[in-house]
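I have placed the structure first, in the form of structure tokens, so that the comments after it can refer back to it.
2 protein chains.
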Amino acid sequence: MNIGEIAKRAGVSRSTVSYALSGKRPVSQETRDKIQGVIDELGYQPNASARALANGRTNTIGLVFPPAGNHYTGMQLDFIGSVTEAAAAYDYDVLLSPSGVDSDRSFQRLLGERRVDGAILMEIRLEDDRLDHLTAVDFPSVAIGRTAHPEGNWWVGLDHTALAAACVHHLADLGHRRVAFVNRPEQLLRAGYESAHRGLDGFTKAAAERGLTVRTYCCGDDAASGLACLERILHDDPATTALVTLNEAALGGLYRGLAQAGRHVPRDFSVTGVVAGRWAETVTPQLTAADVPAEQMGRLAVDLLVKRLDDPDAPARHHLLAPPISLRASTAPAGTTPADPAPGFGTPIRP
Amino acid sequence: MNIGEIAKRAGVSRSTVSYALSGKRPVSQETRDKIQGVIDELGYQPNASARALANGRTNTIGLVFPPAGNHYTGMQLDFIGSVTEAAAAYDYDVLLSPSGVDSDRSFQRLLGERRVDGAILMEIRLEDDRLDHLTAVDFPSVAIGRTAHPEGNWWVGLDHTALAAACVHHLADLGHRRVAFVNRPEQLLRAGYESAHRGLDGFTKAAAERGLTVRTYCCGDDAASGLACLERILHDDPATTALVTLNEAALGGLYRGLAQAGRHVPRDFSVTGVVAGRWAETVTPQLTAADVPAEQMGRLAVDLLVKRLDDPDAPARHHLLAPPISLRASTAPAGTTPADPAPGFGTPIRP
DNA sequence: GACATGGGTCGAACCGGTTCGAGGATTCCG
DNA sequence: CGGAATCCTCGAACCGGTTCGACCCATGTC
Chain A
1 MNIGEIAKRA
11 GVSRSTVSYA
21 LSGKRPVSQE
31 TRDKIQGVID
41 ELGYQPNASA
51 RALANGRTNT
61 IGLVFPPAGN
71 HYTGMQLDFI
81 GSVTEAAAAY
91 DYDVLLSPSG
101 VDSDRSFQRL
111 LGERRVDGAI
121 LMEIRLEDDR
131 LDHLTAVDFP
141 SVAIGRTAHP
151 EGNWWVGLDH
161 TALAAACVHH
171 LADLGHRRVA
181 FVNRPEQLLR
191 AGYESAHRGL
201 DGFTKAAAER
211 GLTVRTYCCG
221 DDAASGLACL
231 ERILHDDPAT
241 TALVTLNEAA
251 LGGLYRGLAQ
261 AGRHVPRDFS
271 VTGVVAGRWA
281 ETVTPQLTAA
291 DVPAEQMGRL
301 AVDLLVKRLD
311 DPDAPARHHL
321 LAPPISLRAS
331 TAPAGTTPAD
341 PAPGFGTPIR
351 P
Chain B
1 MNIGEIAKRA
11 GVSRSTVSYA
21 LSGKRPVSQE
31 TRDKIQGVID
41 ELGYQPNASA
51 RALANGRTNT
61 IGLVFPPAGN
71 HYTGMQLDFI
81 GSVTEAAAAY
91 DYDVLLSPSG
101 VDSDRSFQRL
111 LGERRVDGAI
121 LMEIRLEDDR
131 LDHLTAVDFP
141 SVAIGRTAHP
151 EGNWWVGLDH
161 TALAAACVHH
171 LADLGHRRVA
181 FVNRPEQLLR
191 AGYESAHRGL
201 DGFTKAAAER
211 GLTVRTYCCG
221 DDAASGLACL
231 ERILHDDPAT
241 TALVTLNEAA
251 LGGLYRGLAQ
261 AGRHVPRDFS
271 VTGVVAGRWA
281 ETVTPQLTAA
291 DVPAEQMGRL
301 AVDLLVKRLD
311 DPDAPARHHL
321 LAPPISLRAS
331 TAPAGTTPAD
341 PAPGFGTPIR
351 P
């Protein structure tokens with residue numbers, strides 16, 4: 001059941017079948033009908049490997065993300081889902097690669113063996129050797145995230161600096177003076193993860209600007225770490241009245257810690273941060289947060305990559321997103337007992 | 001930078017390079033060194049498409065799951081992660097396919113165009129046309145889940161019947177008499193999703209056995225639906241004192257509903273169900289649940305698939321898992337005000 | 001009637017690997 | 001010293017597509 005078989009049964013040459021299918025040269029209606037009939041009858045579909053070999057494109061894009069040893073977060077899940085669906089709309093398949101560094105076997109396979117036409121990279125670091133490598137060999141790629149020097153790269157990113165700052169201003173406006181910052185795990189910060197660094201920067205600068213007293217923490221990507229982190233926060237400064245978190249996976253643990261310490265959210269303690277909306281709504285009270293538009297970002301990344309693949313000489317493009325803070329129910333003025341959380345900021349979705 | 005180039009520079013024929021790399025025929029040490037030298041110098045890696053075309057194997061497995069329109073759950077995330085990592089250990093890559101039905105374009109591509117050597121299917125239905133089709137064309141696959149007639153299939157599944165029953169018995173032992181069941185969304189139940197059906201069966205039978213008064217509900221895969229569902233439960237029968245859920249994504253909403261109704265968990269109301277452990281621990285109080293061992297299941301599925309690919313004539317194999325209920329902090333005896341939740345069931349992880 | 005035009009088809013070469021059969025060079029044996 | 005066995009290497013064919021150049025046959029034009 002290959003193209004030769006089709007050709008034989010239709011009484012034409014292999015090249016005619018190929019042209020009938022691709023339309024790259026005219027084929028008479030009569031011949032086309034005959035070929036189509038045989039194809040329908042046999043249920044023929046051209047072999048992807050052979051086609052890829054012949055025309056140098058696999059119609060596959062690689063999705064590169066760090067290995068899961070440290071578990072995946074909900075945000076990553078949303079990326080994977082949206083990238084896969086957006087790619088399918090362009091008739092591209094998605095190959096997953098749980099790759100960390102440049103030297104990684106799976107990453108090398110993706111590129112060196114030409115398994116994919118292009119790649120989308122998640123969890124970008126400020127200095128990212130994977131991206132450096134891709135740029136060096138001029139391999140089409142789009143980063144979800146932005147390095148320290150993103151000029152010339154294709155990327156779609158989140159303005160973590162601005163988002164963390166917006167959280168600070170929101171809390172400061174509510175009168176909070178002692179605020180903690182819950183970052184991603186320390187090893188990721190040390191590895192130079194973009195979100196962790198820019199988020200920390202934005203938080204620190206905005207806090208200084210508003211004259212707040214702050215402490216910053218790293219926290220593991222799971223509920224238990226979140227609990228432990230919150231205990232440390234209250235131990236280090238029991239007068240803390242609010243926190244900003246970039247750590248989605250720790251959120252449940254942070255809430256539990258507050259409950260155990262007898263701090264009611266948002267009456268005694270305000271919580272906010274940068275979290276995908278879908279997950280911000282799973283906690284009670286729902287989190288007032290800068291909603292990471294993970295689905296939109298995945299879609300945009302695929303759009304950019306396809307554009308780049310279609311026109312290899314196109315100039316680099318990017319999207320920097322800064323979604324507004326969605327006011328929900330986890331923040332309130334400091335040191336009061338309001339019936340109405342977050343007054344002056346519109347109506348929370350669930351009071 | 002193809003095999004011919006390597007051959008030329010090493011002063012040997014293309015076939016000799018191939019044999020030096022594959023080891024399928026003896027090559028002198030001297031020649032091998034020379035070839036390896038050239039390869040290292042040029043950083044050569046054989047082209048995956050060409051290799052796949054020549055030997056008929058892509059070294060890729062397909063991971064088929066339903067489109068995300070309805071969002072992904074945490075459990076699915078864990079599957080994707082563990083399958084990808086397990087596959088990498090065997091030097092297989094993973095191709096994602098967000099495919100629903102037999103007629104789906106992406107699913108057809110996977111098989112018809114021979115993009116993958118085998119497939120792992122998620123979200124199995126009792127009557128699953130995708131599996132029927134795969135079986136009909138004798139395509140190597142492993143299902144995560146079990147159809148109504150799994151004989152002859154390869155699969156790794158969860159004994160949802162037993163798990164739901166175990167939840168019922170746990171609640172009945174604690175003295176609960178009026179229990180609700182929160183299932184996956186109605187459209188999935190109607191579509192014949194295995195977990196929804198077997199879970200419902202197990203729940204219903206065990207409840208009848210224990211003489212409980214029950215109501216069963218379908219619930220959307222998100223927090224808002226969970227909240228709405230809980231409101232309906234308490235509206236339909238305010239005397240309900242416990243619930244069993246298969247719906248991980250709704251969990252946050254169920255908890256919120258209970259909080260809003262002023263029912264304290266576990267003092268006034270017990271919650272349990274079948275949920276991946278990692279997600280059971282994000283809610284407060286932590287959920288007493290049958291922990292879905294998603295990572296283990298993903299790994300087992302890959303192991304089975306690789307075995308099947310290595311030996312196409314091997315007899316069908318499967319794994320049916322029934323993890324025990326992990327006692328955490330969300331269940332307690334009915335109608336009491338215990339200091340110590342779930343007495344008689346060991347020490348909860350966090351009292 | 002000679003000649004360009006163009007639609008439709010074919011054969012051959014090519015993409016970059018793998019694999020088979022054959023053959024040259026050594027070595028071992030009688 | 002001749003013949004068999006062993007070790008290594010090579011050329012050619014093949015996997016299943018795509019694409020190029022050439023050719024044939026109608027038409028249209030002067």
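Protein chains in written order, with my numbering: chain A, 1 to 351; chain B, 1 to 351. We put the CB at the ideal spot given by N, CA and C, even for glycine. Computed from a predicted model, the values in this text were never measured in an experiment.
**Request:** Buried or exposed for residue 186/B, please, with buried defined as at least 16 other CB atoms from any protein chain shown within 10 angstroms of its CB.
**Result:** Exposed, because fewer than 16 other Cβ atoms sit within 10 Å of the Cβ of residue 186/B.
**Request:** Return the chain-ordered list of same chain residues with a C-beta closer than 7 Å to the C-beta of residue 369/B, the five sequence neighbours on each side being excluded.
**Result:** Missing from the structure shown is residue 369/B; chain B here goes from 1 to 351 and no further.
**Message:** Suppose only complete runs of 4+ residues qualify. What are the alpha helix (DSSP H) ranges in the segment 93-121 of chain A, listed by chain order?
**Reply:** Annotation: the segment 93-121 of chain A contains the following complete segments of the alpha helix (DSSP H) (minimum length 4 residues), in chain order: 105-112.
**Asked** Given a threshold of 16 other Cβ atoms within 10 Å of its Cβ, counted over all protein chains shown, does residue 149/A qualify as buried or as exposed?
**Response** Exposed, since its Cβ has fewer than 16 Cβ neighbours within 10 Å.
**Item:** Any chain B beta carbon closer than 8 Å to residue 77/A
**Value:** yes
**Asked** Do the segment 272-286 of chain A and the segment 237-257 of chain B make contact, defined as three or more Cβ pairs closer than 8 Å?
**Response** yes
**Prompt:** Is the beta carbon of residue 130/A less than 8 Å from the beta carbon of residue 64/A?
**Reply:** Yes, the Cβ-Cβ distance between residue 130/A and residue 64/A is below 8 Å.
**Request:** Give a yes or no on whether the minimum CB-CB distance between residue 39/B and chain A is below 8 Å.
**Result:** no
**Message:** Counting only C-beta atoms, is residue 98/A closer than 8 Å to chain B at any point?
**Reply:** yes
**Request:** Determine the DSSP secondary structure at residue 2/A, reduced to helix, strand or coil.
**Result:** coil
**Prompt:** Between which two residues does the beta strand (DSSP E) harbouring residue 217/B extend?
**Reply:** Following the DSSP letters along the chain, one finds residue 217/B inside the beta strand (DSSP E) bounded by residues 213-218.
**Prompt:** Which residue or residues does DSSP assign as beta-bridge partners of residue 157/A?
**Reply:** 320/A
**Prompt:** Can a CB atom of chain A be found closer than 8 Å to the CB of residue 106/B?
**Reply:** yes
**Request:** Entirely within the segment 153-199 of chain A and at least 3 residues each: give me those beta strand (DSSP E) ranges in chain order.
**Result:** 155-158, 178-183, all fully within the segment 153-199 of chain A.
**Message:** Beta-carbon within less than 8 Å of residue 81/B's beta-carbon, same chain only, minus the 5 sequence neighbours each way: which residues are those?
**Reply:** 295, 298
**Candidates 215/A, 26/A, 210/A, of which the one nearest residue 200/A by Cα** = 215/A
**Item:** Three-way DSSP call (helix, strand, coil) for residue 49/A in this model
**Value:** helix
**Item:** Where residue 15/A falls, given that 16 or more other Cβ within 10 Å makes a residue buried
**Value:** exposed
**Request:** List the residues of chain B whose Cβ lies closer than 8 Å to the Cβ of residue 328/A, in chain order.
**Result:** Those within 8 Å of residue 328/A in chain B number zero; the least Cβ separation is about 11 Å.
**Request:** Tell whether a beta-carbon distance below 8 Å holds between residue 178/A and residue 239/A.
**Result:** yes
**Message:** Which of the three DSSP states is assigned to residue 225/A in this structure?
**Reply:** Here residue 225/A sits in helix by DSSP.
**Range of the contiguous alpha helix (DSSP H) that encloses residue 309/B** = Residues 294-310.
**Asked** What residues from chain A crowd round residue 93/B, counting only those whose CB sits closer than 8 Å?
**Response** 95, 96, 97, 106, 109, 110, 115
**Request:** Would you tell me roughly how many angstroms separate the C-alpha atoms of residue 162/B and residue 79/B, rounded to the nearest one?
**Result:** When rounded, the distance between both Cα atoms is 21 Å.
**Request:** Tell me where the alpha helix (DSSP H) around residue 86/A begins and ends.
**Result:** 74-89
**Prompt:** If we count Cβ pairs, one from each stretch, closer than 8 Å, do we get three or more for the segment 14-34 of chain B versus the segment 20-35 of chain A?
**Reply:** no
**Request:** State the Cα-Cα distance for the pair residue 98/B and residue 42/B, rounded to the nearest angstrom.
**Result:** Residue 98/B and residue 42/B: Cα-Cα distance of roughly 38 Å.
**Prompt:** By a C-beta neighbour count over all protein chains shown, 10 Å radius and 16 as the cutoff for buried, is residue 194/A buried or exposed?
**Reply:** buried
**Request:** Check whether the Cβ atoms of residue 273/B and residue 302/B lie closer than 8 Å to each other.
**Result:** no
**Asked** By how many angstroms is the C-alpha of residue 237/B removed from the C-alpha of residue 263/B?
**Response** 14 Å
**Item:** CB contact flag (residue 325/A, residue 166/A, <8 Å)
**Value:** yes
**Message:** Beta-carbon within less than 8 Å of residue 176/A's beta-carbon, same chain only, minus the 5 sequence neighbours each way: which residues are those?
**Reply:** 212, 241, 242, 270, 334
**Item:** the segment 279-302 of chain B: positions lying closer than 7 Å to chain A by Cβ
**Value:** In summary, the residues of the segment 279-302 of chain B whose CB is separated from some CB of chain A by less than 7 Å are 281, 282, 283, 284, in the order they occur in the chain.
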